[in-house]
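The listed protein sequences correspond, in order, to chains A and B. Following our numbering, the numbering of the first sequence begins with 7 at its first residue and continues without gaps. Following our numbering, the numbering of the second sequence begins with 7 at its first residue and continues without gaps. Idealized CB from N, CA, C, for every residue including glycine.
There are 2 protein chains.
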Amino acid sequence: MGKWFDKFLSGCGFTVLVSDVDTELKATDLAESCQVVILAVPMDVFPEVVTQVAPAMAENGFLTDLCSLKEKQVACMLENSKCEVAGTHPLFGPGEKGIEGKRVALCPGRGHKWLKWWQGLLDEQGALTTIFSPEEHDRAMAWVQALNHFILLCLGKSLEEEEINIRHILELATPSFERQMNIVARLCLQDPKLYAAIQLDNPHSPKAIETFSRYAMELEGIVKRGDISSFLKMFNEVQQLGPTLLRHCRETG
Amino acid sequence: MGKWFDKFLSGCGFTVLVSDVDTELKATDLAESCQVVILAVPMDVFPEVVTQVAPAMAENGFLTDLCSLKEKQVACMLENSKCEVAGTHPLFGPGEKGIEGKRVALCPGRGHKWLKWWQGLLDEQGALTTIFSPEEHDRAMAWVQALNHFILLCLGKSLEEEEINIRHILELATPSFERQMNIVARLCLQDPKLYAAIQLDNPHSPKAIETFSRYAMELEGIVKRGDISSFLKMFNEVQQLGPTLLRHCRETG
Chain A
7 MGKWFDKFLS GCGFTVLVSD VDTELKATDL AESCQVVILA VPMDVFPEVV
57 TQVAPAMAEN GFLTDLCSLK EKQVACMLEN SKCEVAGTHP LFGPGEKGIE
107 GKRVALCPGR GHKWLKWWQG LLDEQGALTT IFSPEEHDRA MAWVQALNHF
157 ILLCLGKSLE EEEINIRHIL ELATPSFERQ MNIVARLCLQ DPKLYAAIQL
207 DNPHSPKAIE TFSRYAMELE GIVKRGDISS FLKMFNEVQQ LGPTLLRHCR
257 ETG
Chain B
7 MGKWFDKFLS GCGFTVLVSD VDTELKATDL AESCQVVILA VPMDVFPEVV
57 TQVAPAMAEN GFLTDLCSLK EKQVACMLEN SKCEVAGTHP LFGPGEKGIE
107 GKRVALCPGR GHKWLKWWQG LLDEQGALTT IFSPEEHDRA MAWVQALNHF
157 ILLCLGKSLE EEEINIRHIL ELATPSFERQ MNIVARLCLQ DPKLYAAIQL
207 DNPHSPKAIE TFSRYAMELE GIVKRGDISS FLKMFNEVQQ LGPTLLRHCR
257 ETG
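So, in structure tokens, the structure goes:
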């Protein structure tokens, strides 16, 4: 995502300096010479990088990051800096061509001037920005990412069962199942370590998973008992979510 | 789906007679005067309709159905008839405009002449037909439909939790989650009784659900223990399914 934002910001006319493990430019030198620093590093090395970069920044600068989680990350940036701070979570992957129509979550940390500039820039380029507290962000991500990935992984593992023939299953796919399989298939393009961090480092993940598991146990019981009236009740309740979901979700190809 | 096939077959140039609860034409009269009979009735009244229709058919006729399950249904048609029999499962809903590119499963019962004709007709119109035994069909459907709907229902119910704000969640949707939500949203267009039958009447459903639940328990443990190496192992295993899934699944808009 670092490379993606380099290209994006260069395209907007900004001068972008890049510091990485293999560049001559060191992170602290970059921090001293840039007004805005965007940290695009794996979550496991994030605190270490922040302790190097954040203290080197000018007080009137702006520090942000691209991590998938925000509570610990924004707190860490605040603790180690005196400049303006906000968290940025681009809700899309580096495979996307442009930012038009893509969601970006912003989490205020310290100051408003730079945050306003940053949100304005992203909006101007067509991003769909939303502002949430780091805690609200991570709580929602437990459902959007952790629970979603949890379900996809369990579904994927289930398809490996010996007693079933995956070819039969795919040849008999309904449109709904085919969509589901396309989502599972996209996991093969993703970074396992990022997915591990999203799942294991979010303190709200267990709550989302427990909630899902509770309904899974309930529905498993309904199926085994052949309890049609309880099934219909649950089905109708989920159907009532339809209009809300359709209002907020776009058909993504 | 009865109306859908009426329109489809009329469009192919056939004379289609329709018997329903509110038509003057009775099912037995229709069975006596048609070479091909397609039963498009809810699964709970299916056996009753078969016992009326099947014995009235000429021995050189063809009896098929459009049920989402096939083992009991094909057996029931065979038991009550002397004509050729095959099961038909159109793997799409009545909202689809045409049959081009849509999957249709065919399950042989008795005879080959009419089945060959039926498959030829569907293929000619662009359908993707596949032939499976009724037992293979229902076993696969436990995963394609029963398990898929099971997951969607539990995910939908999870979103109703008081502690989360569904608006936040949808505003922070990743493309993967947005796709998932679109699948859940489509449930509001479906017939609850059909979904109940697909879930509760397939003897293979519990096995598919148990398999999924076993992995859900395993992964829940991994998350709670923060066991990154087990998570990465599971993630890598699912990633290996990617090429197979991508080869068989089309991007459905």
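Note to self: Give me the chain B residues within the contact set of A:Lys119, using Cβ-Cβ distance strictly less than 7 Å, ordered along the chain.
What the structure shows: For this step, residue 119 of chain A is matched to residue 113 along the first sequence. Within 7 Å Cβ-Cβ: nothing; A:Lys119 doesn't reach chain B, min ~24 Å.
Quiz item: Counting contacts by CB-CB distance shorter than 9 Å, is B:Gly162 in contact with chain A?
Solution: Locating residue 162 of chain B in the second sequence gives position 156, counting from the first residue. Yes, its Cβ sits closer than 9 Å to a Cβ of chain A.
Please confirm whether B:Glu167 has its beta-carbon closer than 9 Å to some beta-carbon of chain A. Within the second sequence, residue 167 of chain B is the residue found at index 161, counting from 1. Answer yes: the Cβ-Cβ gap between B:Glu167 and chain A drops below 9 Å somewhere.
Determine the closest residue to A:Ala111 out of A:Val80, A:Glu85 and A:Lys103, with distance taken between C-alpha atoms.
In the first sequence, the residue the question calls residue 111 of chain A occupies position 105. For A:Ala111, the nearest C-alpha among the options comes from A:Val80.
A:Lys213 and A:Pro100 look like a contact to me (Cβ under 8 Å); what is the Cβ gap, rounded to whole Å? Within the first sequence, residue 213 of chain A is the residue found at index 207, counting from 1. Within the first sequence, residue 100 of chain A is the residue found at index 94, counting from 1. With 8 Å as the limit, A:Lys213 and A:Pro100 do not qualify as a contact, their Cβ atoms being about 29 Å apart.
Ordered along the chain, which non-local residues of its own chain (more than five positions away) have a Cβ less than 6 Å from that of A:Gly259? In the first sequence, residue 259 of chain A corresponds to position 253, counting from 1. Only weak support is given to the placement of A:Gly259: the predicted model assigns it a pLDDT of 40, under 50, and the question is left unresolved by the model.
**Item:** C-beta atoms of A:Leu158 and B:Val150 nearer than 9 Å
**Value:** In the first sequence, the residue the question calls residue 158 of chain A occupies position 152. In the second sequence, the residue the question calls residue 150 of chain B occupies position 144. Judged by beta-carbon spacing, B:Val150 lies beyond the 9 Å limit of A:Leu158, meaning their Cβ atoms are not closer than that value.
**Asked** When the Cα atoms are used, what is the spatial distance from A:Lys103 to A:Pro198?
**Response** The sequence position of residue 103 of chain A within the first sequence is 97, counting from 1. The sequence position of residue 198 of chain A within the first sequence is 192, counting from 1. A:Lys103 and A:Pro198 have their C-alpha atoms roughly 22 Å apart.
**Request:** Check the Cβ-Cβ distances between A:Glu38 and every residue of chain B, and say whether any is below 9 Å.
**Result:** Position 32 of the first sequence, counted from the start, is the residue given in the question as residue 38 of chain A. Not an interface residue.
What does a CB cutoff of less than 7 Å around B:Pro53 pick up in its chain, not counting 5 residues either side in sequence?
Position 47 of the second sequence, counting from 1, holds the residue named residue 53 of chain B. Exclusion of the five residues before and after B:Pro53 leaves Cys82 as the residues of its chain whose Cβ lies within less than 7 Å of its Cβ.
Please name the residue, chosen from A:Arg220, A:Lys13, A:Gln125 and A:Leu225, that lies closest to A:Arg109 on a Cα-to-Cα basis. Mapped onto the first sequence, residue 109 of chain A falls at position 103. Ranking the options by Cα distance to A:Arg109, first place goes to A:Gln125.
Point to revise | Contacts that B:Phe218 makes with chain A (C-beta to C-beta distance below 7 Å) | key: In the second sequence, the residue the question calls residue 218 of chain B occupies position 212. In chain order: Cys160, Leu161 and Ser164.
Review point. With a CB to CB cut of under 6 Å and the five nearest residues on each side skipped, what residues in its chain are close to A:Glu65?
Key: As a first step, residue 65 of chain A must be located in the first sequence, where it is residue number 59. A distance below 6 Å between beta-carbons, with the five flanking residues on each side excluded, links A:Glu65 to the following residues of its chain, in chain order: Lys88 and Cys89.
Opposite A:Gly93 in the DSSP bridges: which residues? On the first sequence, residue 93 of chain A is found 87 positions in, with the first residue counted as 1. Here A:Gly93 is bridged, per DSSP, to A:Cys113.
- Which of helix, strand or coil does DSSP assign to B:Val51? By one-based count along the second sequence, residue 51 of chain B stands at place 45. Looking at B:Val51 - three-state DSSP - the assignment turns out to be coil, as it is neither helix nor strand.
Runs of 4 residues minimum, wholly inside the segment 26-71 of chain A: which ones carry the alpha helix (DSSP H) assignment? Listed in chain order, the complete alpha helix (DSSP H) runs (minimum 4 residues) inside the segment 26-71 of chain A are 33-39 and 52-59.
> Mind checking whether the beta-carbon of B:Gly126 lies closer than 8 Å to any heavy atom of the ligand PLP?
Replying inline: You won't find the ligand PLP in this model; it holds no ligand whatsoever.
Check: Apart from the five residues on each side of it in sequence, which residues of its chain come closer than 7 Å, Cβ to Cβ, to A:Asn86?
Finding: Working through the first sequence from its first residue, we reach residue 86 of chain A at position 80. Non-local C-beta neighbours of A:Asn86 in its own chain, meaning closer than 7 Å and more than five positions away in sequence, comprise Val56, Thr57, Ala60 and Pro61, ordered along the chain.
task = Could you check the C-alpha separation between B:Leu23 and B:Lys13 for me, to the nearest Å?
result = To locate residue 23 of chain B, count along the second sequence from 1; it is residue 17. To locate residue 13 of chain B, count along the second sequence from 1; it is residue 7. Rounded to the nearest whole angstrom, the C-alpha separation of B:Leu23 and B:Lys13 is 11 Å.
At a CB-CB cut-off below 9 Å, which residues of chain A make contact with B:Met83?
One-based indexing of the second sequence puts residue 83 of chain B at position 77. Near B:Met83 there are no residues of chain A at all, since even the closest Cβ is about 20 Å away, more than 9 Å.
| query | Cβ atoms of B:Ala46 and A:His254: under 9 Å apart, would you say? | reply | Reading the first sequence from its first residue, position 248 is the one you call residue 254 of chain A. Reading the second sequence from its first residue, position 40 is the one you call residue 46 of chain B. No.
| request: Please specify which runs of the alpha helix (DSSP H), each continuous and at least 4 residues long, are wholly inside the segment 209-249 of chain B, giving them in chain order. | output: As far as the segment 209-249 of chain B is concerned, its whole alpha helix (DSSP H) runs of at least 4 residues are 211-231 and 234-245.
What is the DSSP secondary structure of B:Ile172, reduced to helix, strand or coil?
In the second sequence, the residue the question calls residue 172 of chain B occupies position 166. Secondary structure at B:Ile172: helix, using DSSP grouped into helix, strand and coil.
Where do the ends of the alpha helix (DSSP H) carrying B:Leu134 lie? On the second sequence, position 128 is the one that residue 134 of chain B refers to. From DSSP, B:Leu134 is part of no alpha helix (DSSP H) but of the beta strand (DSSP E) over Leu134 to Ile137.
Margin query: Closer than 8 Å is the cut-off here; do at least three beta carbon pairs connect the segment 15-30 of chain B with the segment 218-238 of chain B?
Written below: No, they do not touch.
Span of the alpha helix (DSSP H), counted from its first residue to its last, around A:Glu77
The residue given as residue 77 of chain A occupies position 71 in the first sequence. Element bounds for A:Glu77: Glu77 to Glu85.
(request) Could you check which residue in A:Phe98, A:Asn154 and A:His143 has the C-alpha nearest to that of B:Cys160? (result) By one-based count along the second sequence, residue 160 of chain B stands at place 154. For B:Cys160, the closest alpha carbon among the candidates A:Phe98, A:Asn154 and A:His143 is that of A:Asn154.
Original post:
Applying a beta-carbon distance threshold of less than 8 Å, which residues of chain B neighbour A:Met147?
Top reply: The residue you call residue 147 of chain A lines up with position 141 of the first sequence. Under the 8 Å cutoff, chain B gives Leu178.
How big is the Cα-Cα spacing for B:Ser182 and B:Ile189? As a first step, residue 182 of chain B must be located in the second sequence, where it is residue number 176. As a first step, residue 189 of chain B must be located in the second sequence, where it is residue number 183. Between B:Ser182 and B:Ile189, the C-alpha separation is close to 11 Å.
Euclidean distance between Cα positions of B:Leu75 and A:Phe241: As a working note, residue 75 of chain B is residue 69 in the second sequence. As a working note, residue 241 of chain A is residue 235 in the first sequence. When rounded, the distance between both Cα atoms is 19 Å.
is_contact[A:Asn4, chain B] using C-beta, thresh 9 Å:
There is no way to answer for residue 4 of chain A, as the model of chain A reaches only from 7 to 259.
* Asked: Taking C-alpha atoms, which residue in B:Ile172, B:Phe237, B:Ala202 and B:Gly115 lies nearest to B:Glu77?
  -> Mapped onto the second sequence, residue 77 of chain B falls at position 71. Here the closest residue by C-alpha is B:Gly115.
Query raised in the report: Whose Cβ in chain A lies nearer than 7 Å to the Cβ of B:Thr250?
Result: Looking up residue 250 of chain B in the second sequence gives position 244. Ile172, listed in chain order.
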